[in-house]
Every structure is written in structure tokens, then in C-alpha cells.
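Let me begin by presenting the structure, written as C-alpha cells, before commenting on it.
What follows is the structure, encoded as C-alpha cells:
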């Protein structure tokens with residue numbers, strides 16, 4: 001028996017075939033094609049297949065795969081990654097209890113994103129993960145969201161904060177924040193979901209989950225992958241929800257808003273936005289220096305927020321005909 005014959009015998013049971021396909025994030029027909037030899041799984045698909053199998057069949061399949069692909073020996077099959085580690089949850093709670101107010105948001109968000117990136121992209125196939133938070137309300141309404149802390153594996157850079165944008169009604173993050181409901185898109189190249197989405201370079205699939213507290217929302221956790229249907233498995237979506245819930249600990253209660261205060265605008269595309277970020281740090285520094293002279297000293301995060309609000313006001317007034 002070769003590995004394809006073993007796979008065929010496993011998926012003869014239609015219930016088991018559908019379960020494995022859902023766990024991997026592929027169509028059940030794809031498993032049938034792998035078993036028949038019509039197509040071959042990519043290395044990361046093989047890892048996912050091995051993780052999805054019970055211990056006995058997994059060992060058998062691994063032995064058969066080693067005969068045709070020596071690289072399989074180096075596969076790290078982590079079958080315990082469907083839950084956030086308990087020790088890490090305690091670490092976040094301890095950080096929440098001990099970190100000063102001014103450092104809490106940045107410290108906890110980076111802590112959570114680092115762990116989420118390790119767990120959600122263990123094979124480093126390519127992922128970007130970003131915390132998107134609401135811009136302060138003006139005239140009683142929230143008009144845009146802002147990408148803040150972000151981390152990524154190749155082909156994205158390690159720290160994504162310098163590439164942050166303002167997002168609005170045209171984005172998946174905007175839709176999820178307003179609806180207070182997790183959504184994912186399996187393939188942004190075709191996007192048959194009718195969900196709004198702004199596709200960035202290298203991005204193929206995406207998921208966004210609202211960050212909530214007491215039925216109010218502060219923004220969302222936005223994750224992109226280079227792989228199609230990467231967030232299809234329910235176990236992976238459960239992890240995304242879990243990390244979004246942990247991120248709520250980074251925010252203050254007043255950072256959460258009732259859904260009825262949102263009136264998101266359509267924000268300009270990135271190439272227009274980037275032109276307005278030139279000299280951002282210099283503008284922040286100048287605000288801080290001016291505040292010292294005026295004896296109303298601003299912290300760096302307060303000065304940054306004021307500069308972001310100025311940029312938001314300018315971008316909201318860019319004529320739509322210039323978006324092309």
C-alpha cells in the first residue's frame with residue numbers, strides 16, 4: 001500500500017472525509033484527487049493532513065510518505081495547537097495587572113500578536129496580523145479605523161506599524177467592526193462572498209474578528225495569509241476569536257463604542273494615503289515640543305493621536321474622483 005491508497009481507504013467514510021477537508025480548509029473533492037493521483041498536496045497541506053488524522057492513521061501515513069519524500073521526516077506535527085496555551089493566558093492577565101496605563105496597549109498587543117503569529121503560522125507560510133482600532137469620534141460619529149500594532153512573517157516585514165493605514169467602509173475590518181461579527185474571505189482574488197475588502201500585496205485570504213467588551217466594540221483583529229482558504233478550518237477561527245478576546249484586555253473601557261455611533265466613510269487607497277504620512281514623526285515631535293513651551297506637556301501617544309486625527313480630516317476630504 002502506498003500513501004494514496006491509505007488516504008483513499010480513510011476517506012471512504014464520507015463523514016471522515018468531510019471532517020478532514022474542513023480541518024485542512026480544502027474541498028472534499030481535493031482529498032479524492034490526492035488519493036487518486038490527479039493532483040498532489042503542497043508540503044503545508046501534507047502537514048495539515050497529518051495533523052487532522054487520528055494518531056494511528058497519522059503514523060501509518062507518515063511512514064508511507066517517508067518512502068517517497070524524505071523531507072517528511074522533518075515535519076513538525078503539532079496536534080495540540082487548537083487552543084491558546086493556558087500559561088500564555090496567565091501571562092497576559094499578569095501583564096494587564098502590572099503594566100502602567102500608558103504602556104498597557106502597546107505591551108499587551110505586541111505580546112498577544114507575537115503568540116498568535118507563532119500559533120497561527122507555525123510553518124511561516126506567510127501571515128500579517130494587525131490590531132485595528134477606532135479613531136476618536138468627531139461630531140458624535142466614528143468615521144474611520146486605524147491600523148496600529150502589526151507583525152508579519154515573510155513576505156511581509158516583521159513590524160507592520162510603519163505601513164499602517166486608515167480604513168473605512170470599503171474594508172473587511174470596517175465591515176466586521178460595525179457588524180460586530182467575525183468574517184473571513186477564502187480567496188480575495190475572486191471574493192465570491194460579497195464582503196467589502198481592500199486587498200494588499202501578497203494577501204490571498206483574510207479574516208477579521210471584532211474586539212469587544214460589554215456589547216461594545218473597539219476595533220478588530222485583522223489577519224492576512226498568502227494561502228487560499230487558510231482560515232476555513234473552524235479550529236483556526238476559534239483561535240482568532242480567542243486572541244481577539246485577549247486583545248480586549250489591552251484597551252480601556254472608554255475605548256469601546258456602541259455600534260450605533262459608527263458612520264464609516266470610504267477611505268482613499270494606500271497610494272494616496274502614503275503621501276500624507278511623510279514627516280509623521282517630525283510632526284509628532286513638533287507637537288510635543290510646542291506643548292512643553294505652552295506648559296501643557298503631551299505624551300508621545302497623545303501627540304501621535306492628534307497627528308492621526310489631522311491626517312484623517314484631510315483624507316476624508318479627498319475627492320473620490322482622485323481615488324483611481
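In UniProt numbering, the protein residues as written are 1 to 324. All residues carry an ideal CB built from backbone N, CA and C; glycine is no exception.
Residue 173: member of the alpha helix (DSSP H) spanning 172 to 179, first to last residue. Between residue 131 and residue 219, the gap from beta carbon to beta carbon is short of 8 angstroms.
Under the DSSP definition of a beta bridge, residue 185 partners with 206. The three-state secondary structure of residue 4, taken from DSSP, is helix. Counting every other CB atom within 10 Å of its CB across the protein chains shown gives residue 260 a total below 16, marking it as exposed.
Here the alpha carbons of residue 135 and residue 88 stand approximately 29 angstroms from one another. Taken through DSSP and simplified to helix, strand or coil, residue 157 comes out as coil.
As the crow flies, the alpha-carbon of residue 313 is around 59 angstroms from that of residue 66.
Counting along the chain, the unbroken beta strand (DSSP E) around residue 223 starts and ends at 216 to 225. If only complete runs of 3 or more residues are kept, the UniProt domain "Death" (1 to 69) shows no beta strand (DSSP E) anywhere.
Looking at the DSSP output, residue 132 bridges to 147 and 220. Nearest neighbour of residue 167 by Cα position, chosen from 153, 270 and 252, turns out to be 270.
Secondary structure at residue 99: coil, using DSSP grouped into helix, strand and coil. By the criterion of a C-beta distance shorter than 7 angstroms, residue 316 is surrounded in its chain by 143 and 265, once the five residues flanking it on both sides are discounted. The criterion of a C-beta distance shorter than 8 angstroms is not satisfied by residue 210 and residue 263. Cβ neighbours of residue 248 within its own chain (closer than 6 angstroms, five residues either side excluded): 211 and 213. For residue 86, the three-state secondary structure derived from DSSP is helix. For residue 213, the three-state secondary structure derived from DSSP is strand. Residue 127 and residue 113 do not touch by the CB rule: their CB atoms are close to 11 angstroms apart, not below 8 angstroms.
Under the three-state reduction of DSSP output, residue 266 falls in the coil class, being neither helix nor strand.
For residue 285, the enclosing alpha helix (DSSP H) starts and ends at 280 to 293.
A contact between stretches requires three or more CB pairs, one per stretch, nearer than 8 angstroms, and the stretch 184 to 193 meets this requirement with the stretch 222 to 232. Residue 307: member of the alpha helix (DSSP H) spanning 300 to 316, first to last residue.
Sequence-distant Cβ neighbours of residue 121 in its own chain, meaning closer than 7 angstroms and more than five residues away, are 127 and 153. For residue 139, the three-state secondary structure derived from DSSP is coil.
The beta carbon of residue 235 sits closer than 6 angstroms to those of 82, all from its chain and outside the five residues before and after it, given in chain order. Here residue 287 has 298, 303, 306 and 307 as same chain residues with Cβ atoms under 8 angstroms from its own Cβ, once five neighbours each way along the sequence are excluded. Cβ atoms of residue 42 and residue 28 stay farther apart than 8 angstroms, at about 18 angstroms. The Cβ atoms of residue 145 and residue 174 sit closer than 8 angstroms to each other. Distance from the CA of residue 251 to the CA of residue 99, rounded to the nearest whole angstrom, comes to 12 angstroms. Rounded to the nearest angstrom, the gap between the Cα atoms of residue 30 and residue 91 is 40 angstroms.
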